[in-house]
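Report on one structure; see the data block that follows.
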Amino acid sequence: MLRFDPFNDLDAMTRGLLTSQAGTDRSPRFMPMDLYKVDDHYVLTADLPGVDPGSVDVNVDSGTLTLTAHRSARSEDSVQWLTSERFFGTYRRQLALGEGIDTTRISATYENGVLTVTIPLAERAKPRRIEVVRSGGGTQIEATTVDAS
2 MLRFDPFNDL DAMTRGLLTS QAGTDRSPRF MPMDLYKVDD HYVLTADLPG
52 VDPGSVDVNV DSGTLTLTAH RSARSEDSVQ WLTSERFFGT YRRQLALGEG
102 IDTTRISATY ENGVLTVTIP LAERAKPRRI EVVRSGGGTQ IEATTVDAS
(Lines of atoms letter the chains of each structure in order from A and count residues from 1; the text may use other names and numbers.)
(Lines give C-alpha, C1' and ligand atoms only; values in the text may rest on other atoms or scores of the structure.)
Protein backbone atom coordinates (compact mmCIF):
# COMPACT_ATOMS: atom_id res chain seq x y z
CA MET A 1 0.00 0.00 0.00
CA LEU A 2 2.52 2.59 1.05
CA ARG A 3 6.11 2.98 0.02
CA PHE A 4 8.53 5.47 1.45
CA ASP A 5 11.85 6.93 0.48
CA PRO A 6 14.28 5.92 3.23
CA PHE A 7 17.09 7.91 1.60
CA ASN A 8 15.13 11.15 1.97
CA ASP A 9 14.59 10.46 5.69
CA LEU A 10 18.27 9.47 6.09
CA ASP A 11 19.44 12.67 4.36
CA ALA A 12 17.23 14.81 6.62
CA MET A 13 18.47 13.02 9.74
CA THR A 14 22.12 13.40 8.66
CA ARG A 15 21.66 17.13 8.03
CA GLY A 16 20.08 17.47 11.48
CA LEU A 17 22.91 15.62 13.20
CA LEU A 18 25.63 17.59 11.44
CA THR A 19 24.13 21.03 11.90
CA SER A 20 22.54 20.86 15.37
CA GLN A 21 24.14 22.40 18.42
CA ALA A 22 22.67 22.97 21.87
CA GLY A 23 20.80 26.25 22.17
CA THR A 24 20.63 26.91 18.41
CA ASP A 25 17.85 26.60 15.87
CA ARG A 26 17.33 22.90 15.26
CA SER A 27 14.84 21.32 12.93
CA PRO A 28 12.96 18.13 13.80
CA ARG A 29 14.88 14.97 12.96
CA PHE A 30 11.92 12.74 12.18
CA MET A 31 8.18 12.18 12.59
CA PRO A 32 7.66 8.76 14.25
CA MET A 33 4.64 6.94 12.88
CA ASP A 34 2.77 3.64 12.87
CA LEU A 35 0.83 2.21 9.94
CA TYR A 36 -1.61 -0.68 10.10
CA LYS A 37 -4.59 -2.12 8.21
CA VAL A 38 -8.06 -2.56 9.69
CA ASP A 39 -10.77 -4.18 7.54
CA ASP A 40 -11.09 -2.00 4.43
CA HIS A 41 -8.75 0.86 5.33
CA TYR A 42 -5.27 1.74 6.57
CA VAL A 43 -4.60 3.85 9.66
CA LEU A 44 -1.50 6.01 9.99
CA THR A 45 -0.68 7.57 13.37
CA ALA A 46 2.16 10.07 13.77
CA ASP A 47 3.50 11.59 16.98
CA LEU A 48 3.61 15.40 16.80
CA PRO A 49 3.82 16.62 20.41
CA GLY A 50 3.66 20.36 20.98
CA VAL A 51 2.64 21.11 17.39
CA ASP A 52 0.14 23.90 16.76
CA PRO A 53 -3.00 22.15 15.38
CA GLY A 54 -3.41 24.97 12.85
CA SER A 55 -0.04 24.12 11.29
CA VAL A 56 -0.90 20.47 10.57
CA ASP A 57 -1.43 19.83 6.86
CA VAL A 58 -2.30 16.56 5.11
CA ASN A 59 -2.09 16.67 1.32
CA VAL A 60 -2.44 14.13 -1.50
CA ASP A 61 -0.97 14.95 -4.89
CA SER A 62 -0.20 12.52 -7.73
CA GLY A 63 -0.29 9.48 -5.46
CA THR A 64 1.93 11.01 -2.76
CA LEU A 65 0.62 11.62 0.77
CA THR A 66 2.43 14.53 2.46
CA LEU A 67 2.19 15.22 6.19
CA THR A 68 3.48 18.62 7.38
CA ALA A 69 3.40 20.27 10.81
CA HIS A 70 5.26 23.08 12.60
CA ARG A 71 6.37 23.53 16.20
CA SER A 72 7.50 27.04 17.15
CA ALA A 73 10.61 27.79 19.18
CA ARG A 74 10.49 29.54 22.53
CA SER A 75 11.00 33.26 21.94
CA GLU A 76 12.58 34.16 25.30
CA ASP A 77 15.80 36.06 24.56
CA SER A 78 16.90 36.34 28.20
CA VAL A 79 16.98 32.56 28.71
CA GLN A 80 20.30 30.91 29.53
CA TRP A 81 19.91 27.37 28.16
CA LEU A 82 21.23 24.52 30.27
CA THR A 83 19.85 21.82 28.01
CA SER A 84 18.08 22.23 24.69
CA GLU A 85 16.93 18.87 23.33
CA ARG A 86 13.43 19.59 22.03
CA PHE A 87 13.24 20.18 18.31
CA PHE A 88 11.28 22.95 16.67
CA GLY A 89 10.63 23.85 13.10
CA THR A 90 8.80 22.02 10.33
CA TYR A 91 8.13 18.30 10.38
CA ARG A 92 7.51 16.70 6.99
CA ARG A 93 6.91 13.13 5.89
CA GLN A 94 5.97 11.83 2.42
CA LEU A 95 4.61 8.43 1.49
CA ALA A 96 3.83 7.09 -1.96
CA LEU A 97 0.33 5.62 -2.08
CA GLY A 98 -0.05 2.38 -4.00
CA GLU A 99 -2.83 1.39 -6.35
CA GLY A 100 -6.29 0.81 -4.93
CA ILE A 101 -6.50 3.75 -2.50
CA ASP A 102 -9.58 6.00 -2.49
CA THR A 103 -7.78 9.36 -2.17
CA THR A 104 -11.07 11.31 -2.16
CA ARG A 105 -12.09 9.73 1.18
CA ILE A 106 -8.82 10.15 3.14
CA SER A 107 -9.53 11.82 6.49
CA ALA A 108 -7.35 13.11 9.34
CA THR A 109 -7.67 14.13 13.00
CA TYR A 110 -5.17 15.67 15.43
CA GLU A 111 -5.71 15.01 19.12
CA ASN A 112 -3.38 15.05 22.14
CA GLY A 113 -0.29 15.44 19.96
CA VAL A 114 -1.13 12.51 17.67
CA LEU A 115 -2.10 12.88 14.01
CA THR A 116 -4.35 10.05 12.79
CA VAL A 117 -4.91 9.62 9.05
CA THR A 118 -7.49 7.12 7.76
CA ILE A 119 -6.73 5.85 4.26
CA PRO A 120 -9.62 3.85 2.75
CA LEU A 121 -9.27 1.21 0.05
CA ALA A 122 -11.09 1.88 -3.22
CA GLU A 123 -14.10 -0.37 -3.87
CA ARG A 124 -12.34 -2.04 -6.78
CA ALA A 125 -9.38 -2.97 -4.56
CA LYS A 126 -11.39 -4.70 -1.83
CA PRO A 127 -11.14 -8.49 -1.80
CA ARG A 128 -14.15 -10.33 -3.17
CA ARG A 129 -15.35 -13.90 -3.09
CA ILE A 130 -16.53 -15.22 -6.45
CA GLU A 131 -19.59 -17.46 -6.24
CA VAL A 132 -19.71 -20.19 -8.90
CA VAL A 133 -23.21 -21.14 -10.08
CA ARG A 134 -23.89 -24.31 -12.10
CA SER A 135 -26.57 -24.27 -14.73
CA GLY A 136 -29.33 -26.94 -14.78
CA GLY A 137 -28.27 -29.89 -16.96
CA GLY A 138 -25.34 -28.72 -19.04
CA THR A 139 -21.76 -27.99 -18.23
CA GLN A 140 -22.13 -24.22 -18.46
CA ILE A 141 -20.77 -22.36 -15.40
CA GLU A 142 -21.70 -18.79 -14.54
CA ALA A 143 -19.73 -16.69 -12.04
CA THR A 144 -21.02 -13.73 -10.06
CA THR A 145 -19.15 -11.43 -7.70
CA VAL A 146 -20.20 -11.40 -4.04
CA ASP A 147 -18.95 -8.79 -1.58
CA ALA A 148 -16.64 -10.51 0.94
CA SER A 149 -17.53 -8.22 3.84
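In short: position in the sequence shown from 1, add 1, done, that's the numbering used here.
Beta carbons: idealized from backbone N, C-alpha and C, even for Gly.
Go through the stretch 63-109 residue by residue and report every complete run of the beta strand (DSSP E) that reaches 3 residues or more, in order.
-> Runs of the beta strand (DSSP E) lying entirely within the stretch 63-109 and spanning at least 3 residues, in chain order: 65-72 and 90-98.
DSSP on residue 33, reduced to helix/strand/coil?
-> Assigned with DSSP and collapsed to three states, residue 33 falls in coil, not helix or strand.
For residue 119 versus residue 44, is the C-beta distance shorter than 8 Å?
-> It is a contact, given that the beta carbons lie within the stated cut-off.
Might you give, ordered along the chain, the residues of its own chain that have their beta carbon closer than 8 Å to the beta carbon of residue 115, omitting 5 neighbours on each side?
-> Close CB contacts of residue 115 within its chain, under the 8 Å cut and outside five residues either way in sequence, are with 46, 47, 48 and 49 (chain order).
By Cβ distance below 8 Å, which residues in the same chain neighbour residue 98 in space, the five residues on each side in sequence not counted?
-> Spatial neighbours of residue 98 in its own chain (CB-CB distance under 8 Å, excluding positions within 5 residues in sequence) are listed in chain order as 2, 3, 61, 64, 65, 66, 104 and 120.
Closer than 6 Å by C-beta to residue 91: which residues in its own chain qualify, once you throw out the five before and the five after it? Chain order, please.
-> 71, listed in sequence order.
Specify, as a first and last residue, the run of the beta strand (DSSP E) that residue 132 falls within.
-> Going by DSSP, residue 132 is part of the beta strand (DSSP E) stretching over 129-135.
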